[in-house]
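If you read the protein sequences in the order shown, they are chains A and B. Numbered according to numbering that gives the first Met the number 0, the first sequence spans residues 0 to 398. Numbered according to numbering that gives the first Met the number 0, the second sequence spans residues 0 to 439. For reference, the structure discussed in these notes is given below.
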Amino acid sequence: MNLEIPKKFKGIQGFALTAAQSLFRPISRKYDLAEHEYPKELDLFAAGLNGMNEGSGGAVGGASSKKEDVQSGEVKNGGNMANCINIQTMCYGDVGLLLTIPGQGLGNAAISAVANPEQLKRFSKSWAAMAITEPNCGSDSSAITTTAVKDGDHYILNGEKIFVTSGERCDCVVVWATLDKAIGKAAIKSFVVEKGTPGMEIARLEKKLGIKASDTAAIVFTDCRVPAENLLGSPEIDVKKGFGGVMETFDNTRPFVASMANGVAEATIERTKELLEDSINLDYATPINNVKAVEAEIYRMEAEHEAARLLTLKAAWLADNRIPNSLEASVCKAKAGRITNNLTLKAVELCSSLGYSYQELLEKWARDSKILDIFEGTQQIQQLIIARRILGKSSAELK
Amino acid sequence: MSKKKEAKKTDFSSYFEFYNNLLDSKIGKTLQLRKLSEKIVYEGAKNGVKAGAAATKVFQTFGSGKAKRLEPKKAKDLFDLNYNEEQLMIQESIKQLADKIRIHAEKDDYNGKISEEILREYNELQLAFMQIPEELGGIMKEKSTTTQMMMVETLAYGDLSQAFALFSANSVINAIVQWGTDSQQQILLKDFVEDNAPKASIAINEPTALFSPQTLKTKANKDGNQYIITGEKNMVTFAESAQYFLVAAQTEGGKNQLFFIDRTADGVSTSADVSMGLKTAELGKIVLDNVRIDESAMLGGSKGVNYQEFINYSKLGWCSLAVGCSQAVLDYVITYANDRYAFGEPISNRQAVAFMIADIKIELDSMRILTQRAVARAEQGLEFQKEAYLAHVLCSDKSMQIGTNGVQLLGGHGFIKDFPVERWYRDLRAVAICHNGLHL
């Protein structure tokens with residue numbers, strides 16, 4: 000048993016740390032203030048990343064969640080773990096900027112997970128956003144109302160999508176739509192819609208509480224004709240399998256979102272300790288009830304953060320070894336999301352008006368962190384997934 | 000290099016085969032055990048050791064004078080949460096006992112005593128062999144802190160209190176292996192691989208509000224070649240029946256150290272200290288009134304021990320107990336909430352109930368993985384103070400939360416003794432408090 004990060008990841012960790020410190024952190028406040036402005040500083044960085052990904056089979060962002068072969072009996076530390084380490088380190092820099100690195104969208108993860116070889120090749124250079132949520136359907140993605148109707152060699156899409164991360168900046172959007180509302184989940188398919196396709200229109204960009212560097216679009220589809228070969232996976236409606244394919248994307252990506260939270264938590268704890276330097280003396284020996292209240296808070300932050308970080312690595316480790324990790328993916332997402340939100344808010348409180356001020360990034364991290372307990376499944380959805388699984392309940396029994 | 004590794008592994012497996020045969024056959028067991036005992040007796044005799052039943056132990060220096068330590072385990076440079084085959088085998092045999100312990104636990108808690116049957120079966124497991132170095136009669140070469148954690152965790156799944164009580168002698172073994180001088184090892188360890196292993200226990204806690212193991216009121220003052228120990232300890236396992244204690248006291252230099260003190264030594268008086276839980280550990284108080292012991296009875300001899308590290312190993316033990324017991328709570332409330340009907344359906348169909356159980360799962364996983372990291376670092380000989388401290392902070396908070404939610408989920412049933420959750424509630428309250436008894 001060993002829970003240390005292997006040396007082979009030190010390289011990517013070092014690269015990510017350099018990016019976090021010298022690229023992200025200096026422009027962190029700039030793009031928090033200039034919401035909707037594209038962070039052009041990321042272009043050169045993204046070009047470098049894409050080059051790196053081609054060589055290494057993908058180490059950064061969403062594009063690397065594709066499965067790697069594991070030989071039986073051999074324990075592997077692979078792409079999922081590398082990705083978690085990388086994302087945490089970059090989000091130690093800035094989570095909003097990580098979310099808007101060109102070519103690293105959630106749609107890319109979906110393409111990696113379910114596309115056929117031809118599609119993989121065709122979309123390999125595209126920055127793909129993901130469009131699932133609708134004005135009247137959030138966590139319940141089986142209830143989506145956007146329709147796709149076959150018409151010759153095309154599907155015709157109609158509906159409205161909201162909360163599309165990088166929806167304006169991306170090259171294409173992976174859109175979830177139903178072939179037949181009456182059939183339910185099994186009829187939901189995902190389609191790659193390229194920017195500029197007639198009938199696809201960016202309705203607006205949201206103004207948000209945090210992660211302002213990342214744009215969030217509302218997109219309307221009106222008789223939007225999409226080539227049939229842009230349907231990801233099988234066009235057949237398989238009632239038995241159906242939804243599994245699309246949901247699989249999320250087993251892969253929940254640990255990545257947990258890693259984002261872990262990065263924000265790491266940054267917050269570090270800065271909080273710096274600002275409190277004269278008031279705290281952490282010896283990791285005196286019982287927690289015998290230390291100052293502020294020291295006890297820091298200890299608890301560190302313990303919670305370490306737990307979230309290790310649970311995330313565990314979920315990634317399972318994925319790398321092809322062991323089903325749906326439960327562990329939800330556990331790490333639930334833990335990392337909630338403790339990071341709690342501790343960033345606590346950090347502002349501990350650092351008083353200094354923490355609250357724009358002079359420091361603590362208040363920004365406290366705003367950024369809220370979304371991490373919401374997107375890719377809210378805290379409550381994670382609890383629901385965990386509860387159903389450990390209690391052996393169906394979605395009809397435990398609603 | 001790989002060849003060397005291979006050889007090491009084979010060595011270990013053959014010992015294991017041997018150990019299993021030993022468990023399987025009663026005759027074989029007697030024979031093999033005698034062989035091992037003979038080895039110790041031989042080593043002891045060669046060095047002119049006489050155990051003696053003197054009221055105060057004198058540990059002379061023998062032979063090379065070099066204590067036998069287990070080497071840090073070399074881990075592959077790979078994140079890996081798997082137990083190896085040997086560990087899985089040990090886990091399986093302890094699990095079987097833990098299931099029996101669970102059946103006995105309610106009655107034993109009421110009687111304040113572990114049943115004879117459990118004691119006998121526990122002794123038959125002979126865990127001591129998996130703690131003691133080869134040269135001293137065990138089968139170990141390398142540290143196995145992850146195995147020690149798994150043993151305690153698995154036992155605590157049966158019952159926290161009994162796991163604490165049963166492992167107290169094993170913890171003394173770990174302390175002697177880790178810190179003892181050559182003669183402390185030679186004189187004391189052989190008793191543990193014989194049929195009537197002694198009861199022994201570690202005593203750190205003192206009856207003081209806001210107790211800290213760093214600030215001890217118990218003093219050890221040097222007088223010639225003796226120490227005079229004065230103070231009070233409580234929450235001590237088997238205070239009234241252990242043959243000897245490993246007692247923490249502050250020396251004149253202000254440093255804290257540990258001392259072997261026989262229960263029968265002059266100036267030692269013991270009494271029961273019945274508490275909220277941990278009933279089967281037969282908690283008690285020790286009063287030390289100018290107890291004189293030979294200077295050689297300080298753990299680690301004249302150099303003593305790294306006291307903070309000693310405490311860190313105790314924290315790892317208590318975290319392991321918390322993890323095992325919290326797992327018991329989780330499994331129990333899952334079954335209960337699925338079986339219990341209200342308003343025409345299982346109560347687990349309600350989010351208010353189901354989410355509490357999901358939270359138990361989330362926090363239990365957090366406790367376990369934080370403890371595993373600290374334990375794995377200790378096993379590899381890496382610095383682990385921060386990790387052990389944070390694991391203990393988290394386990395203290397979360398296990399109590401799990402304990403109280405366990406009772407809450409059963410409602411009124413949780414409050415009565417027909418169900419185990421009230422016992423776990425009482426036992427888990429000790430996690431944040433107790434530094435006694437355990438040493439991984």
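Every residue, glycine too, gets a C-beta built ideally from N, C-alpha and C. In this text, all values refer to a predicted model and were calculated from it rather than measured experimentally.
Can you find a CB in chain A that lies within less than 9 Å of the CB of residue 88 of chain B? One-based indexing of the second sequence puts residue 88 of chain B at position 89. For residue 88 of chain B, the answer is no, since every Cβ of chain A falls outside 9 Å of its Cβ.
Can you list, in chain order, the residues of its chain with a C-beta nearer than 7 Å to that of residue 312 of chain A? Leave out the 5 residues immediately preceding and following it. The residue labelled residue 312 of chain A in the question sits at position 313 within the first sequence. Closer than 7 Å at the Cβ level, and outside the excluded window around residue 312 of chain A, lie 80, 83.
Checking 9 Å against the spacing of the C-beta atoms, do residue 176 of chain B and residue 130 of chain B come in under that value? As a first step, residue 176 of chain B must be located in the second sequence, where it is residue number 177. As a first step, residue 130 of chain B must be located in the second sequence, where it is residue number 131. Contact flag set, yes.
What is the rounded straight-line gap between the Cα of residue 307 of chain A and the Cα of residue 223 of chain A? Mapped onto the first sequence, residue 307 of chain A falls at position 308. Mapped onto the first sequence, residue 223 of chain A falls at position 224. The straight-line gap from Cα to Cα measures roughly 42 Å.
Looking at C-beta atoms only, is the number of pairs between the stretch 228-238 of chain B and the stretch 196-204 of chain B that lie closer than 8 Å three or more? Cβ pair count under 8 Å is three or more, so yes.
Contact with chain A by residue 333 of chain B, beta-carbon distance below 9 Å: Position 334 of the second sequence holds residue 333 of chain B. Answer yes: the Cβ-Cβ gap between residue 333 of chain B and chain A drops below 9 Å somewhere.
Check whether the stretch 290-310 of chain A touches the stretch 210-230 of chain A, taking contact to mean three or more Cβ pairs, one atom from each stretch, closer than 8 Å. These segments do not touch.
Minimum C-alpha distance to residue 423 of chain B - residue among B:226, B:213, B:249, B:326: For the purposes of this step, residue 423 of chain B is taken as the residue at position 424 of the second sequence. The alpha carbon of residue 423 of chain B has as its nearest neighbour, out of B:226, B:213, B:249, B:326, the alpha carbon of B:326.
Would you report the Cα separation of residue 300 of chain A and residue 338 of chain A, rounded to the nearest angstrom? Start at 1 with the first residue of the first sequence, and residue 300 of chain A comes out as number 301. Start at 1 with the first residue of the first sequence, and residue 338 of chain A comes out as number 339. Between residue 300 of chain A and residue 338 of chain A, the C-alpha separation is close to 8 Å.
Determine, using beta-carbon pairs with one atom in the stretch 121-131 of chain A and one in the stretch 89-108 of chain A, whether at least three such pairs fall under 8 Å. Result yes; three or more Cβ-Cβ pairs closer than 8 Å.
Mind the definition here: the stretch 283-303 of chain B touches the stretch 342-351 of chain B only if three or more C-beta pairs lie below 8 Å; say whether that holds. Judged by Cβ distances under 8 Å, the stretch 283-303 of chain B makes no contact with the stretch 342-351 of chain B, as fewer than three pairs qualify.
Please go through the same chain and pick out, in chain order, the residues whose beta-carbon is closer than 7 Å to the beta-carbon of residue 42 of chain A, but skip the five residues on each side of it. Reading the first sequence from its first residue, position 43 is the one you call residue 42 of chain A. Excluding sequence neighbours, residue 42 of chain A sits near 101.
Which full runs of the alpha helix (DSSP H) of 4+ residues lie inside the stretch 352-412 of chain B, going along the chain? Qualifying alpha helix (DSSP H) stretches, in chain order: 384-409.
Check the Cβ of residue 79 of chain B against every Cβ in chain A and list those closer than 7 Å, keeping chain order. Taking the second sequence and counting its residues from 1, the one referred to as residue 79 of chain B is at position 80. Here the neighbours are 0, 1, 74.
Spatially closest choice to residue 434 of chain B from B:125, B:317, B:84, by CA coordinates: Within the second sequence, residue 434 of chain B is the residue found at index 435, counting from 1. Nearest in C-alpha terms to residue 434 of chain B, of all of B:125, B:317, B:84, is B:317.
Chain-order list of residues whose beta-carbon lies under 8 Å from that of residue 384 of chain B (same chain, five-residue window excluded): Looking up residue 384 of chain B in the second sequence gives position 385. Its chain contains 307, 308, 311 as the residues whose beta carbon lies nearer than 8 Å to that of residue 384 of chain B, once the 5 sequence neighbours on both sides are disregarded; these appear in chain order.
Return no unless some Cβ of chain D is closer than 9 Å to the Cβ of residue 291 of chain A. The chain labelled as chain D is not found among the protein chains of the depicted structure, namely A and B.
Contact under 9 Å by Cβ, residue 111 of chain B with residue 284 of chain B: Walking along the second sequence from the start, residue 111 of chain B turns up at place 112. Walking along the second sequence from the start, residue 284 of chain B turns up at place 285. No, the pair does not count as a contact, with Cβ atoms beyond the cut-off.
Looking at residue 254 of chain A and residue 341 of chain A, is the spacing between their C-beta atoms short of 9 Å? Your numbering for residue 341 of chain A matches position 342 in the first sequence. Your numbering for residue 254 of chain A matches position 255 in the first sequence. For residue 341 of chain A and residue 254 of chain A, no; Cβs fall outside 9 Å.
Shortest alpha-carbon distance to residue 408 of chain B belongs to which of B:421, B:386, B:183? Along the second sequence, one-based indexing puts residue 408 of chain B at 409. Out of B:421, B:386, B:183, B:421 has the C-alpha closest to the C-alpha of residue 408 of chain B.
Please list, in chain order, all residues of the same chain as residue 145 of chain A whose beta carbon is under 6 Å from its beta carbon, the five residues on each side excluded. Here the question's residue 145 of chain A lines up with position 146 in the first sequence. Listed in chain order, the non-local C-beta contacts of residue 145 of chain A below 6 Å within the same chain comprise 158, 176, local neighbours out to five positions each way being set aside.
Please identify, using Cβ separations under 8 Å, the residues of the stretch 300-324 of chain A that lie next to chain B, in order along the chain. Cβ contacts with chain B: 301, 302, 303, 305, 306, 307, 309, 310, 312, 313, 316.
Are residue 72 of chain B and residue 141 of chain B close, meaning C-beta to C-beta below 9 Å? Translated into positions along the second sequence, residue 72 of chain B becomes position 73. Translated into positions along the second sequence, residue 141 of chain B becomes position 142. Cβ distance < 9 Å, so residue 72 of chain B and residue 141 of chain B count as in contact.
For residue 365 of chain A, which of helix, strand or coil comes out of DSSP? Within the first sequence, numbered from 1, the residue matching residue 365 of chain A stands at position 366. Residue state, collapsed to three classes: helix.
For residue 391 of chain A versus residue 329 of chain A, is the C-beta distance shorter than 9 Å? Here residue 391 of chain A corresponds to residue number 392 of the first sequence, with the count starting at 1. Here residue 329 of chain A corresponds to residue number 330 of the first sequence, with the count starting at 1. If you check the CB distance, residue 391 of chain A and residue 329 of chain A do not come in under 9 Å.
Within 10 angstroms of its Cβ, does residue 191 of chain A collect 16 or more other Cβ (buried), or is it exposed? Start at 1 with the first residue of the first sequence, and residue 191 of chain A comes out as number 192. Residue 191 of chain A is buried by the Cβ-count criterion.
Any Cβ of chain B within less than 9 Å of the Cβ of residue 344 of chain A? Position 345 of the first sequence holds residue 344 of chain A. Contacts with chain B at 9 Å (Cβ-Cβ) do not include residue 344 of chain A.
Sub-9 Å separation of residue 368 of chain A and residue 267 of chain A beta-carbons: Numbered from 1 along the first sequence, position 369 holds the residue referred to as residue 368 of chain A. Numbered from 1 along the first sequence, position 268 holds the residue referred to as residue 267 of chain A. For residue 368 of chain A and residue 267 of chain A, yes; Cβs fall inside 9 Å.
Count the C-beta pairs between the stretch 87-104 of chain B and the stretch 139-153 of chain B that are closer than 8 Å, then say yes if the count reaches three, no if not. With the cut-off at 8 Å, the stretch 87-104 of chain B and the stretch 139-153 of chain B touch.
Residue 372 of chain B: contacting residues in chain A (beta-carbon distance under 7 Å): On the second sequence, position 373 is the one that residue 372 of chain B refers to. Per Cβ cutoff of 7 Å: 2, 309.
How is residue 197 of chain B classed by DSSP in three states: helix, strand or coil? The residue you call residue 197 of chain B lines up with position 198 of the second sequence. In this structure, residue 197 of chain B counts as coil in the three-state DSSP scheme.
Less than 8 Å between the CB atoms is what I'm expecting for residue 309 of chain A and residue 372 of chain B, so what's the real figure, rounded? Walking along the first sequence from the start, residue 309 of chain A turns up at place 310. Walking along the second sequence from the start, residue 372 of chain B turns up at place 373. Indeed they touch by this definition, with Cβ atoms about 6 Å apart.
Out of A:251, A:353, A:276, state which residue places its alpha-carbon closest to the alpha-carbon of residue 319 of chain A. As a position in the first sequence, residue 319 of chain A is number 320, starting the count at 1. Among A:251, A:353, A:276, the Cα nearest to that of residue 319 of chain A is on A:251.
Leaving out the 5 sequence neighbours to the left and right, which residues in its chain are closer than 6 Å to residue 376 of chain B when beta-carbon positions are compared? To locate residue 376 of chain B, count along the second sequence from 1; it is residue 377. Result list for residue 376 of chain B: 383, 386, in chain order.
With a threshold of 9 Å between beta carbons, is residue 386 of chain A in contact with chain B? Locating residue 386 of chain A in the first sequence gives position 387, where the first residue counts as 1. Yes, because at least one Cβ of chain B sits closer than 9 Å to the Cβ of residue 386 of chain A.
Using alpha carbons as the reference points, say which of A:103, A:315, A:232 lies closest to residue 185 of chain A. Numbered from its first residue, the first sequence carries residue 185 of chain A at position 186. Comparing Cα-Cα distances from residue 185 of chain A to each of A:103, A:315, A:232, the minimum goes to A:232.
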